[in-house]
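Respectively, the protein sequence lines represent chains A and Y. Sequential numbering of the first sequence, starting at 6, is according to my numbering. Sequential numbering of the second sequence, starting at 626, is according to my numbering. Where a beta carbon is used, it is the ideal one built from N, C-alpha and C, also for glycine. Please read these numbers as outputs of a predicted model, since none were measured by experiment.
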Amino acid sequence: MPRIFAYIAHKNGVLDDSAAELAAAAKKIDRGTAVTAIILGAGPALDAACTEAERVYPELWKVSGESFSYPNAELIRQALMKIVPEGSITLIAHDHFGIDLAPGLSIKLNAAFVPDVTSMQPLQADSLQVVRQEFGGQVSAHVRCDVSSGAVITIRPGAFNTGEVPAAAGKVVDKSAEVGMLSAGRRYLETIAAETSDVDITKHAILVSVGRGIQEKDNVAIAEELAESLGAAVSCSRPVVDAKWLQKSRQVGSSGKTVKPKVYLACGISGAFQHLAGIKGNPFIIAINKNPKAPIFQVADVGIVDDVLEFLPELTSKVQELRAVAAK
Amino acid sequence: MEILVCVKRVPDTSENEIELNRAGNDIERDELVYSINEPDNYAVEEALQIAAKTGGKVSVVTVGTEEDEEVLRREMAMGATHGILLADLAFEGSDGRGIASILKACVEKGSYDLILTGVQAEDGAAQVGGMLAAMLDYPFASLVTSIEVLADKKLKITREIEGGNREVSEIDLPCVLSIQTGINEPRYVGMKGIRAVQSIPIATYSGPDLGLNSAQVGTAAAKVTRLDYFVPVLGKGARFLGGTREENAQEVVELVAAKGGLK
Ligand SMILES: Cc1cc2nc3c(=O)[nH]c(=O)nc-3n(C[C@H](O)[C@H](O)[C@H](O)COP(=O)(O)OP(=O)(O)OC[C@H]3O[C@@H](n4cnc5c(N)ncnc54)[C@H](O)[C@@H]3O)c2cc1C
Ligand SMILES: Nc1ncnc2c1ncn2[C@@H]1O[C@H](COP(=O)(O)O)[C@@H](O)[C@H]1O
């Protein structure tokens, strides 16, 4: 049985949600295995993160150093190369940091790489079978991975239920000396905070959210009219921002805003996980899409198979009718 | 600056409904519309804009078959001066590491200051760029949303991180960057532009040309194998409204009023 490690991400001493999810994922590979957490950082933030991680992991390898006060994947990869034993399985969250760190790490450890895994079967000898999605979640695939020389696996955020992770009282092993001084060809300078704008989509109870299905910049007005009649705001998926039809501050998703409306109208949005990652608080989701097989219908409460360009104006006129009746 | 951009031809998910084939072991490929992988197109545009400022040429490369030449031509019509096709039956069944190994061999045949990939292929996994960098021992950055050329062989880049925040770094050349959509506005390419580059020869290399053997690439070398495709069942699924457009709209208004409250 290969040793299993989990890379623990934290920010200012607070663990990322993935910390517990990676422990849950490890249990799928092997129920009985003792997973070791690896955590890098500096100063009091690292200590605080370790204290939290000890509750989830029976063993914790910590590496402390000023150069790890900000997580630079180029440095962290080198640190992991020094401490992760050959043949191990290393679990990392599939987010902006995992995408930066993990593929190169697999090469450096001469291990197999399986990205963005959403479920796993127990390890059978050297073979691990997992599920991952392709084509924006329209289809899934069973993938087999030969772990005989180890593996680096990135885990889809939110895909593994942390309810089953038992409490632990971890012991901390300081690995800092084994890592030593490192330098990288990429140096962190600063973080620029997301732009804000007049409309704050995180504060609205109803969102009319448009995706690539809105087709043209001019058609965004159709959604604006509906939103206005509903007292709602217009939000969107990423391609709408990429095409400069709406501002970045309107984007919902992992690289955009996290919203918590009561009602979310998904109009011409396919339902990719990076988009769904930004919808929290279990809103009532109404999806309008011309493709009955669009993944959005799997998570929506109500679905309408129709052309958004036809359906939204109809909806607007119904809202106006309702308001006219109410006003009488 | 000499720039190499790795590009891939993929089924276009905005043009196709991806479905399983009859046997259920692959997607139905018969009527698929293919196009250039979206972030790869942004990467080519970015390379062209950098080359326009610094001088130098942009080359585009793909690992594929003759059918994939069409995306090379498309990117050449945008302004890339060299197209390179890496094709060999022995490449079939390569996993991400295999593709990166083939691209590495191609990089080593030339002399590039900067290598760009897309963040992720439609049928991929956001892995090839990072693997290629590690194989070359070049610095790497993923999810890049801006590039500024600095003096003395350095770039200032921003990466997209959570919540729309951006991380700014400095990176040494040569390096590999994976480019995120939205970094620029890719120029338009018409049929006329593509016809204009139709007769430019495309350099084609096989495994032996690149000094690769079957222990490094193809099915035999793959540690990761896709067994089949299937359509996932998540959650209970939506209740579909089956009325006329007007009836459906009426029901939606009532639902919104009940669940969200109309102010
Ligand atoms: C690292 C990373 C971060 C990302 N972050 C985000 C993020 O924060 N937010 C985000 O949204 N995406 C994000 N993405 C992109 C994400 O993977 C998807 O590509 C994106 O969400 C797709 O947007 P869409 O649904 O609007 O477009 P598509 O997937 O192209 O879907 C368009 C849908 O519209 C339907 N349609 C077309 N025409 C009509 C019509 N006339 N009427 C009705 N329906 C129609 C189609 O059937 C289709 O389902 C990210 C990707 C990466 C790699
Ligand atoms: N067969 C290929 N030929 C050339 N470049 C590729 C190929 N496959 C992937 N890439 C590049 O690597 C990026 C990431 O792909 P992937 O890791 O497969 O998601 C793509 O956007 C391309 O730039």
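Give the residues of chain A in contact with residue i, contact being defined as C-beta atoms less than 7 angstroms apart.
i, result
"Ser831 of chain Y", "By Cβ distance, chain A contributes nothing, its closest Cβ being about 24 angstroms from Ser831 of chain Y, past 7 angstroms."
"Val881 of chain Y", "Ile211, Leu235, Val268"
"Leu657 of chain Y", "Per Cβ cutoff of 7 angstroms: no residues; Leu657 of chain Y is ~10 angstroms from chain A at best."
Closer than 6 angstroms to a non-hydrogen atom of ligand 2 - does that hold for the CB of residue i?
i, result
"Asp100 of chain A", "no"
"Cys800 of chain Y", "no"
"Thr829 of chain Y", "no"
"Ala277 of chain A", "no"
"Ile197 of chain A", "no"
"Asp665 of chain Y", "yes"
"Cys631 of chain Y", "yes"
"Val753 of chain Y", "yes"
"Val685 of chain Y", "no"
"Ile724 of chain Y", "yes"
"Val688 of chain Y", "yes"
Tell me, which residues are paired with residue i by DSSP?
i, result
"Val774 of chain Y", "Y:Leu780"
"Asn294 of chain A", "A:Val310"
"Phe865 of chain Y", "A:Gly308"
"Ala156 of chain A", "A:Ile94, A:Ala117"
"Asp150 of chain A", "Checking the sequence shown, residue 150 of chain A turns out to be Cys, not Asp. Partner(s): A:Leu133, Y:Val849."
"Ala828 of chain Y", "Y:Ile709"
"Pro636 of chain Y", "Y:Tyr659"
"Trp66 of chain A", "A:Ile43, A:Val178"
"Gln805 of chain Y", "In the DSSP output, where bridge partners are listed per residue, Gln805 of chain Y has none listed."
"Ala766 of chain Y", "Y:Leu802"
"Asp797 of chain Y", "Y:Lys779"
"Ile9 of chain A", "A:Ile94"
Below 9 angstroms on C-beta distance, what does residue i contact in chain Y?
i, result
"His101 of chain A", "Ser767, Leu768, Arg784, Glu785, Ile786, Glu787, Glu792"
"Phe316 of chain A", "Arg870, Asn873, Ala874, Val877"
"Arg149 of chain A", "Val849, Thr850, Arg851, Leu852"
"Gly261 of chain A", "Gly788, Gly789"
Name, please, each residue of chain Y whose Cβ falls closer than 7 angstroms to the Cβ of residue i.
i, result
"Glu319 of chain A", "Arg870, Glu871, Ala874"
"Lys265 of chain A", "The contacting residues do not exist; Lys265 of chain A stays about 12 angstroms from chain Y at best."
"Ala189 of chain A", "Pro764"
"Ala54 of chain A", "The contacting residues do not exist; Ala54 of chain A stays about 17 angstroms from chain Y at best."
Is the beta carbon of residue j closer than 7 angstroms to that of residue i?
i, j, result
"Arg698 of chain Y", "Ile819 of chain Y", "yes"
"Gln126 of chain A", "Gln134 of chain A", "yes"
"Thr95 of chain A", "Val170 of chain A", "no"
"Ala117 of chain A", "Lys848 of chain Y", "yes"
"Leu757 of chain Y", "Val801 of chain Y", "yes"
"Tyr830 of chain Y", "Leu711 of chain Y", "yes"
"Ile13 of chain A", "Ala31 of chain A", "no"
"Lys781 of chain Y", "Glu773 of chain Y", "yes"
"Asn17 of chain A", "Ala58 of chain A", "no"
"Glu26 of chain A", "Thr167 of chain A", "yes"
Could you check if residue i belongs to the surroundings of ligand 1, using beta carbon to heavy atom distance under 6 angstroms?
i, result
"Asp312 of chain A", "yes"
"Ile112 of chain A", "no"
"Pro63 of chain A", "no"
"Val744 of chain Y", "yes"
"Pro244 of chain A", "yes"
"Ala863 of chain Y", "no"
"Lys295 of chain A", "yes"
"Ala292 of chain A", "no"
"Arg812 of chain Y", "no"
Given that residue i touches chain A, what residues does it touch there, using C-beta distances under 9 angstroms?
i, result
"Ile643 of chain Y", "Glu139, Phe140, Gly141, Gln143, Val144, Lys298"
"Pro857 of chain Y", "Thr123, Val136, Gln138, Gly142, Val144, Ser145, Pro300, Gln303"
"Ala759 of chain Y", "Arg82, Pro108, Gly109, Leu110, Ser111, Ile112, Lys113"
"Val732 of chain Y", "The contacting residues do not exist; Val732 of chain Y stays about 14 angstroms from chain A at best."
"Phe865 of chain Y", "Pro297, Phe302, Val307, Gly308, Ile309, Val310"
Going along chain Y in order, which residues have a C-beta closer than 8 angstroms to the C-beta of residue i?
i, result
"Gly286 of chain A", "Correct list: empty, because the minimum Cβ distance to chain Y is about 12 angstroms."
"Leu251 of chain A", "Per Cβ cutoff of 8 angstroms: no residues; Leu251 of chain A is ~12 angstroms from chain Y at best."
For residue i, go through chain A and note every residue whose CB falls closer than 8 angstroms to its CB, in chain order.
i, result
"Arg647 of chain Y", "The contacting residues do not exist; Arg647 of chain Y stays about 15 angstroms from chain A at best."
"Met756 of chain Y", "Pro108, Gly109, Ser111, Ile112, Phe118"
"Leu887 of chain Y", "Leu235, Gly236, Val324, Leu327, Arg328"
Just checking, does the segment 751-760 of chain Y make contact with the segment 851-863 of chain Y on the three C-beta pairs under 8 angstroms criterion? no
Say whether the segment 249-268 of chain A touches the segment 187-195 of chain A, bearing in mind that this needs 3 or more beta-carbon pairs closer than 8 angstroms, one atom from each stretch. no
Do the segment 822-829 of chain Y and the segment 782-798 of chain Y make contact, defined as three or more Cβ pairs closer than 8 angstroms? Judged by Cβ distances under 8 angstroms, the segment 822-829 of chain Y makes no contact with the segment 782-798 of chain Y, as fewer than three pairs qualify.
Stretch pair the segment 103-110 of chain A + the segment 75-91 of chain A: three plus CB contacts closer than 8 angstroms: Touching, yes, given that three or more Cβ pairs across the two stretches are closer than 8 angstroms.
Touching or not, the segment 838-846 of chain Y and the segment 713-731 of chain Y, by the rule of three or more beta carbon pairs under 8 angstroms? Yes, the segment 838-846 of chain Y is in contact with the segment 713-731 of chain Y.
Across the segment 795-810 of chain Y and the segment 236-253 of chain A, are there enough close Cβ pairs to call them in contact, namely three or more that are closer than 8 angstroms? yes
Within the chosen definition, does the segment 311-326 of chain A reach the segment 867-885 of chain Y through at least 3 CB pairs nearer than 8 angstroms? yes
Any 3 or more C-beta pairs closer than 8 angstroms across the segment 642-653 of chain Y and the segment 682-691 of chain Y: no
Does the segment 96-103 of chain A come close enough to the segment 14-26 of chain A that 3 or more CB-CB pairs lie under 8 angstroms? yes
Pair every Cβ in the segment 216-234 of chain A with every Cβ in the segment 273-288 of chain A, then say whether three or more of these pairs are closer than 8 angstroms. yes
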